[in-house]
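Peer 1: Below are the structure tokens for one structure; questions will follow.
There are 2 protein chains.
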Amino acid sequence: MTDYNDNHQAETASEANRFRDEEGRIDPAWLMRLRTALAAAQTAEIVEMIAPLRTADTGDVLESLENPERLALVMALGDRFDYSALTEVDESVRLDLLELVPNADIARGVANLSSDDAVYLLEDLETVDRDDILAQLPAFERLSLKRSLDFPEESAGRRMQSEFIAIPPFWTVGQTIDYLRAERDLPDEFYQIYVVDASYHVLGIVPLDRLLRTRRPVSIEQLMTTDIVLAHANDDQEEAARDFERYDLIEVGVVDENERLVGVLTVDDIVDVIQEEAGEDIRLLAGVGDEEVSDSTLDTVKSRVPWLIVNLCTAIVVSLVIGLFNATIEQMVALAALMPIVASMGGNAGTQTMTVTVRALAMRELSGRKLRRLITREMVVGVINGIIFAILIGIVTAIRFANVDLGVVIAMAMIINLIVAGTAGILIPLTLDRLKADPAIASAVFVTTITDVVGFFAFLALAGLWFGLF
Amino acid sequence: MTDYNDNHQAETASEANRFRDEEGRIDPAWLMRLRTALAAAQTAEIVEMIAPLRTADTGDVLESLENPERLALVMALGDRFDYSALTEVDESVRLDLLELVPNADIARGVANLSSDDAVYLLEDLETVDRDDILAQLPAFERLSLKRSLDFPEESAGRRMQSEFIAIPPFWTVGQTIDYLRAERDLPDEFYQIYVVDASYHVLGIVPLDRLLRTRRPVSIEQLMTTDIVLAHANDDQEEAARDFERYDLIEVGVVDENERLVGVLTVDDIVDVIQEEAGEDIRLLAGVGDEEVSDSTLDTVKSRVPWLIVNLCTAIVVSLVIGLFNATIEQMVALAALMPIVASMGGNAGTQTMTVTVRALAMRELSGRKLRRLITREMVVGVINGIIFAILIGIVTAIRFANVDLGVVIAMAMIINLIVAGTAGILIPLTLDRLKADPAIASAVFVTTITDVVGFFAFLALAGLWFGLF
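Chains as they are written, first to last, in full-length UniProt numbering: chain A, 1 to 470; chain B, 1 to 470.
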């Protein structure tokens, strides 16, 4: 019971210190207290408020402040500030703050970080600042960071942490445990041990739980798993992320072009990659690039204008198509009010199919047989939905305008456009994918342009023919 | 050097056995060989081809087959078939296959699974099948699975694995290691050890790496971390996933309503949750629900029709708005061709803002100050984009129709609609979120309906006034 009470007290204490409200947002009163302390440069109060926070929470706090307050916070904490909090904030916040903090302070902070976090902070800095900071680091760390920074952006080599534990296969479990107990310079956290030869080629891995449940005399060679997944340093981080997902991995060794172990990727970094990549598709489909919530107004405008220009061009094309039927519309102005219905339904149906396809392509779900099944399904769905909505809109139109012929014309146009929508929705992303373009970027423009053009054209042309208006 | 050669040979061998092509898809020739073996019931060949595969790869193979072949594969492998492969396939594939396999075989397979995988297979089965299978399991497993199945769907309790390692605080490192070496009934994989009191309240955790680097006499109480994150069994799995992301966790203890430890969540399950949730937003925005690529045609139609019906209704409303201006359009038919441009640009700009907002809400990125900043930014972006595209379309229109007045009218309508688009794009998802509705589901309809109505209305009404056509 004492134990339970202790535990209970600890929890109550943490409730009082808790700085998040019910919704999981930072408590406004807490934040106000911090901002007052920052404005008054009350170092003791600032340290007391920030020190108990987890790294990610400190990151959230930084995001909620203004630039001068962020600087004041970092300066007030001094060497107690954990620079890994900066890996948890938006890029624009990080760059603004690192611009303000003196390089000497950054260098001291970076020296305490694991190599993956250090690279994350350094990679987007201006070259002159980055070199200045690197020059202030101990030689060993400088070289290891430089090597990581030489790998391409968003590669496994950039994301990896250079600290890992490698042992020879002829050791025993006992020797390994003794080594781990004696060695001071181990990674902060690790989940498996790499078994390597003299040239650092990976022979196998030993998960820590297996090491712990095995008796001391057993040899590592007997214990290790040889069925291992490795990443190449030049691989895209997305490829590595797919392996983590597919094979439920916690940690993966990273090897260089000579197959020598140079670092490890851990699942916590990969979770961020998966989150980013998943968000990327949705943003690309909507034409908002790699925007972040904290981007400036100007950056936001810059990121959105190109997509809107493309859409302006396709809207003008659609307008030219409608213009072909001026005479028809003049004779029967009801067509003008009805025509957007056909186009809009096509756009929505096409977007549905396209979204499913883009997502499946992003997750590499489409192999030969599944792909053929999907294409067939989408076309059949187009036909069925076409028939359903042709009947609905046909009846509504015939009643609204007391004109059965008009109902028939719009029904026919609807069937045509929904079949086209299904077909375009699947074939356009697939074609872009085959052409090695990212289907998430360009599919939406193509699909809606096609459903708009076909929607307006089919409806107006059929109406012209049916009513003899040409 | 011998080591390297051995390693190299191992790699060449695995290349020959490799069943994926360059693109990471299942090799068609390999698949054809398997299908032939399945058709001819060549058990030895089937076992030889499937046995070396990882679980996830077996799942991919199952997805590429037809139902009778899937059954043949499971039956040919018999007790060698790892039922956890079924956690890696689409729901429709899993349910189809489990329907075909006799319950007695499923029960034998389920008995060998970790509890989280077992629950995953059982949860979507018909009650009668599920009870039949549970009845064939050993009592201990049956009870533990029943308890997990009693937690709500998509809760931490459903996702958790009931196997974990719990020790008292008064043990030493040495005692713990001896226990791990002696005990036969340990979880398959584990990353941390839970320190509990006699009632299974969690006092702390010990990561395995820390256990390994500490000398035998040190007490667990000294070694354990008390700053721990726990999940409640009734919590939504998304909430738990956010903690994993935020705090870079590998494993989290799950407690029941009495704060007693009942299971653990591991990051590999959470990666799947994150992937699903990220995909959910994109699908909801496009109105395709929780569809999967392998869903049947009928299920697909059912999932898409509701959204299309909503869109049909809003399209009819838009059409009624246009109908108000029949007389205006009749007098100046060029308006009919131009009006979709204003509406379409508004729709696109609104979708951009809405996507950024929905995504930020999903990731809980919007606290008070950031939110106010975002609202201001989006409105200013609306004004700037409004001006840019007003000028562009104004000039194009004035030239195309040799009519400066028409250019002025469309420019004014464009500014109005892009400001409305930015405002609606941010306020609609925020309002839905405040009303506890999922902004990803309904935002798109509201935003595009508003930009359509405002786009057509502003343009046609301004034209009517400017040219005196009313």
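Think of the CB as a built atom: it goes at the ideal place given N, C-alpha and C, for glycine as much as any other residue.
For a contact defined as C-beta to C-beta under 8 Å, what are the partners of I250(B) on chain A?
Peer 2: The contacting residues are Y191, I250, V267 and D268.
Peer 1: I'd like to check one pair, V447(A) with I428(A): are the Cβ atoms closer than 8 Å?
Peer 2: Yes, the pair counts as a contact, with Cβ atoms nearer than the cut-off.
Peer 1: Keeping to the same chain, check which residues put their C-beta closer than 7 Å to that of V321(A); ignore five residues upstream and five downstream.
Peer 2: If we look at V321(A) and ignore the five residues flanking it on each side, its Cβ neighbours are V453, F456 and F457.
Peer 1: Does E197(A) pass the burial test, meaning 16 or more other C-beta atoms within 10 Å, or should it be called exposed?
Peer 2: Note that residue 197(A) is Asp in the sequence shown here, rather than Glu. Per the 10 Å Cβ criterion, buried.
Peer 1: Just to make sure I have the definition right: I need the residues of chain A whose C-beta is within less than 7 Å of the C-beta of D433(B). Which are they?
Peer 2: By Cβ distance, chain A contributes nothing, its closest Cβ being about 10 Å from D433(B), past 7 Å.
Peer 1: Does Q275(A) pass the burial test, meaning 16 or more other C-beta atoms within 10 Å, or should it be called exposed?
Peer 2: Flag for Q275(A) reads buried.
Peer 1: Using a C-beta cutoff of 8 Å, does Q275(A) count as contacting chain B?
Peer 2: For Q275(A), the answer is yes, since a Cβ of chain B falls inside 8 Å of its Cβ.
Peer 1: Is there a Cβ of chain B sitting closer than 8 Å to that of Y247(A), yes or no?
Peer 2: Yes, Y247(A) lies at the interface with chain B (some Cβ there is under 8 Å from its Cβ).
Peer 1: Given L149(A), which residues of its chain have a CB within under 7 Å of its CB, disregarding the five upstream and five downstream residues?
Peer 2: Closer than 7 Å at the Cβ level, and outside the excluded window around L149(A), lie V119, L122 and E123.
Peer 1: Using the three-state DSSP reduction, which class does P102(B) fall into: helix, strand or coil?
Peer 2: It is coil, neither helix nor strand.
Peer 1: Note down, in chain order, all residues in the region 201-222 of chain A with a beta-carbon under 8 Å from any beta-carbon belonging to chain B.
Peer 2: Cβ contacts with chain B: H201, V202, L203, P207, L208, D209, L211, L212, R213, T214 and R215.
Peer 1: Hey, is R369(A)'s beta-carbon within less than 8 Å of any beta-carbon in chain B?
Peer 2: Answer yes: the Cβ-Cβ gap between R369(A) and chain B drops below 8 Å somewhere.
Peer 1: If you drop the 5 nearest sequence neighbours on each side, which residues of the same chain put their C-beta closer than 7 Å to that of L249(B)?
Peer 2: So the qualifying residues of the chain are V229, D243 and V267.
Peer 1: Count the other CB atoms, across all protein chains shown, that sit within 10 Å of the CB of A76(A); report buried if there are 16 or more and exposed otherwise.
Peer 2: Looking at its Cβ environment, which holds 16 or more other Cβ atoms inside 10 Å, A76(A) is buried.
Peer 1: Just to confirm before moving on: does the CB-CB distance between T172(B) and G204(B) stay below 8 Å?
Peer 2: The answer is no: Cβ separation not under 8 Å.
Peer 1: R94(B) touches chain A at which residues, Cβ-Cβ below 9 Å?
Peer 2: Going along chain A, no residue has its Cβ under 9 Å from R94(B), so there is no contact; the nearest lies around 15 Å.
Peer 1: Name the chain B residues that come within less than 7 Å of D236(A), Cβ to Cβ?
Peer 2: In chain order: nothing, as chain B lies at least about 12 Å away.
Peer 1: Does the distance from the C-beta atom of I415(B) to that of G407(B) stay below 8 Å?
Peer 2: No, the Cβ-Cβ distance between I415(B) and G407(B) is not below 8 Å.
Peer 1: For a test of the three-state rule: what should DSSP assign to V229(A), helix, strand or coil?
Peer 2: Coil, per DSSP.
Peer 1: Would you mind telling me which residues of chain B sit closer than 8 Å to N385(A), beta carbon to beta carbon, in chain order?
Peer 2: Result: V301, R304, V305 and L308.
Peer 1: Looking at D116(B): is its Cβ nearer than 8 Å to the Cβ of R147(B)?
Peer 2: No, Cβ-Cβ distance for D116(B) and R147(B) is not below 8 Å.
Peer 1: Which bits of chain A does S115(B) rub up against, with CB to CB less than 9 Å?
Peer 2: Residues of chain A passing the Cβ test: none, with the nearest at roughly 16 Å.
Peer 1: Taking Cβ to Cβ, would you say R20(B) is nearer than 8 Å to I26(B)?
Peer 2: Yes, the pair counts as a contact, with Cβ atoms nearer than the cut-off.
Peer 1: Residues of the region 344-362 of chain A with a CB closer than 7 Å to any CB of chain B: list them in chain order, please.
Peer 2: Flagged, chain order: S344, M345, N348, A349, T351, Q352, T355, V356, R359 and A360.
Peer 1: How long is the line joining the alpha carbons of E15(B) and M363(A), rounded to whole angstroms?
Peer 2: With a pLDDT of 44 at E15(B), under the threshold of 50, the modelled position of that residue is not reliable, and no figure is offered here.
Peer 1: Quick one: grab the DSSP three-state call for Y4(A).
Peer 2: Because the pLDDT at Y4(A) is just 33, under 50, the model does not fix this residue reliably, and the point stays unresolved.
Peer 1: Which residues in the same chain have their Cβ closer than 7 Å to the Cβ of V264(B), if we skip the five residues on either side of it in sequence?
Peer 2: So the qualifying residues of the chain are M160, Q161, F164, E251, V252, G253 and V254.
Peer 1: Given a threshold of 16 other Cβ atoms within 10 Å of its Cβ, counted over all protein chains shown, does D79(B) qualify as buried or as exposed?
Peer 2: By the neighbour-count rule (16 or more Cβ atoms within 10 Å), D79(B) is not buried but exposed.
Peer 1: If you reduce the DSSP assignment to three classes, tell me which class Q136(A) lands in.
Peer 2: The answer is coil: DSSP assigns Q136(A) none of H, G, I, E or B.
Peer 1: Between the Cα of T314(B) and those of V310(A), T297(A) and L338(A), spot the shortest distance and give me the residue it belongs to.
Peer 2: When only C-alpha atoms are compared, the closest one is L338(A).
Peer 1: Using a threshold of 8 Å, state whether the C-beta atoms of P439(A) and V356(A) are closer than that.
Peer 2: Going by C-beta atoms, P439(A) is not nearer than 8 Å to V356(A).
Peer 1: Please compile the residues from chain B whose C-beta is within a distance smaller than 8 Å of the C-beta of P429(A).
Peer 2: Going along chain B, no residue has its Cβ under 8 Å from P429(A), so there is no contact; the nearest lies around 12 Å.
Peer 1: Enumerated in chain order, which unbroken segments of the beta strand (DSSP E) with a length of 3 residues or greater are wholly contained in the UniProt domain "CBS" (224-282) of chain A?
Peer 2: Whole beta strand (DSSP E) segments, 3+ residues: 230-232, 251-255 and 261-266.
Peer 1: Taking only beta carbons into account, state which residues of the region 328-345 of chain B come closer than 9 Å to chain A, listed in chain order.
Peer 2: Cβ contacts with chain A come from I329, E330, V333, A334, L335, A336, A337, L338, M339, P340, I341, V342, A343, S344 and M345.
Peer 1: I need the DSSP call for Q42(A), collapsed to helix, strand or coil.
Peer 2: If DSSP states are grouped into helix, strand and coil, Q42(A) belongs with coil.
Peer 1: May I ask you to report which of helix, strand or coil DSSP gives Y120(A)?
Peer 2: In the structure shown, Y120(A) sits in a helix (DSSP, three-state: H, G or I).
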